[in-house]
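For reference, the structure is listed below as C-alpha cells.
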Amino acid sequence: MAVIAAARDGLLERIEASARRAGRDPRAVRLVAVTKTVSAERVRAAVAAGLDVVGENRVQEAAAKQPDVQGATWHLIGPLQSNKARRAVEVFDVVESVDSLALAGRLARAATEIRPGRPLPILLQVNVDDDPAKAGFEPPDLRRDLAALLALDGLRIDGLMTIGRLARDPEAARSTFAALCRLAVELRDANPDLGAELSMGMSDDFAVAVEEGATIVRVGRALFGPRS
Ligand SMILES: *Cc1c(COP(=O)(O)O)cnc(C)c1O
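For my numbering, add 873 to where a residue sits in the sequence shown, where the first one is 1.
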C-alpha cells in the first residue's frame, strides 16, 4: 500500500510538471493504472490508494480480478476480437481500443441490450503513423467511417487513442502524439459530436504525451514495476 501510494505520488508529480511545461492544466490529465499481469490483491491496494481507473488488455483477465476489486472503473486497452464484444460490454466501463466499424457495430448492439439508456463510452484507436505492428484505424479509414460510427446507438465516442512508437528515446513518440492531436482537431471540426479525449502515453513516454495534449495516460510499469 505504502509502495503503490509513493509510486502514485511520484507519477502524478511528473504528470503535473509536464502539463505545466506545456502551459496546460494538470487536472485535464487523467491516469489509467494499467494492471495487466498485476495480481488482484495489488490491484485492490492500488484502488485503495486512489488509482481507481484501471486498464486491462484482456477481457478474461479483467473479469477474473473483478470479484476481488471493488470501486474501480475498468478500461479495456487491448485488442478486442468481435466475438468477445458482448463479454467486453459486460466487463468494462470504457473500451479504448475500438479499431474498426465492424467491432463498433458489435459493441453498439451489445450495449443497447446490456445497458439500455446508458451508451458505452469508447475511444477510437488510431494507427497514426501507419505502423504495421500496431492496431487501429488508418486515418483515411477513420475519416471515411466516422459519421457511421457516430450514428451508432448504444455508443458514446469520447475521443481517440494511440500507442506511441516504441523506442528507447521517448522523443521518438512525439510526432505520433502530435499527429493524433492534429487529426482530432480536424475530425472534430467536421464532426462536433466526437469527444475531445486523447488517450496517449505509457510508462516511457507519458511526459511527452502530456506535453502534446494527452487527456488520458495509461501507465503500468512506472506504477507496478516490471512485468514478469
Ligand atoms: C501495457 C499497455 C500500457 C502500459 O504500458 P507500460 O509500459 O507498462 O506503462 C498502455 N497501453 C497499452 C495499450 C498497453 O497495452
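No residue lacks a Cβ here, since even glycine has one placed at the ideal position from N, Cα and C.
Nonlocal neighbours in the same chain, by C-beta distance under 8 Å from residue i, ignoring five residues either side
i	result
R887	F1079 and A1080
G944	V920 and D925
V1090	I888, V902, R903, L904, V905, S1072, M1073, G1074, M1075, F1079, A1082 and V1083
Residue i CB to nearest heavy atom of ligand 1 below 6 Å
i	result
S1076	yes
G1027	no
G950	Here residue 950 turns out to be Ile, not Gly, going by the sequence shown. At least one heavy atom of ligand 1 is nearer than 6 Å to the Cβ of I950, so yes.
R1091	yes
Sub-7 Å separation of residue i and residue j beta-carbons
i	j	result
I995	L1028	yes
F1050	A1082	yes
L1053	I1030	no
G1074	V907	no
A901	T1035	no
R1055	A1045	no
V942	V964	no
S955	R982	no
A937	I877	no
For residue i, the nearest candidate out of the options (CA to CA)
i	options	result
G928	P899, A1052, V968 and R881	V968
V911	G1037, E934 and A981	E934
L1015	L974, A1024 and R982	L974
A913	Q939, G896 and V932	Q939
P952	D941, G1032, T985 and V932	V932
D1062	V999, A1020 and N956	A1020
F1010	L976, D972 and L884	D972
L1022	E1059, G883 and A977	A977
R1041	R881, P1099 and D1077	D1077
E1059	A892, A890 and P1013	P1013
Proximal residues to residue i (C-beta, below 6 Å), its chain only, five neighbours per side dropped
i	result
V1112	No statement about residue 1112 is possible, as the shown extent of the chain runs from 874 to 1101 and does not include it.
R959	A983
H948	V905, G928, V967 and E969
Contact set for residue i: own chain, Cβ-Cβ below 7 Å, skip 5 residues either direction
i	result
R894	E1084
E992	In the sequence on display, residue 992 carries Pro and not Glu. Excluding positions up to five away in sequence, the list reads A984, G1027, L1028 and R1029.
Inside the region 1015-1080 only - alpha helix (DSSP H) runs reaching at least 4 residues: Complete alpha helix (DSSP H) runs here, min 4: 1047-1063.
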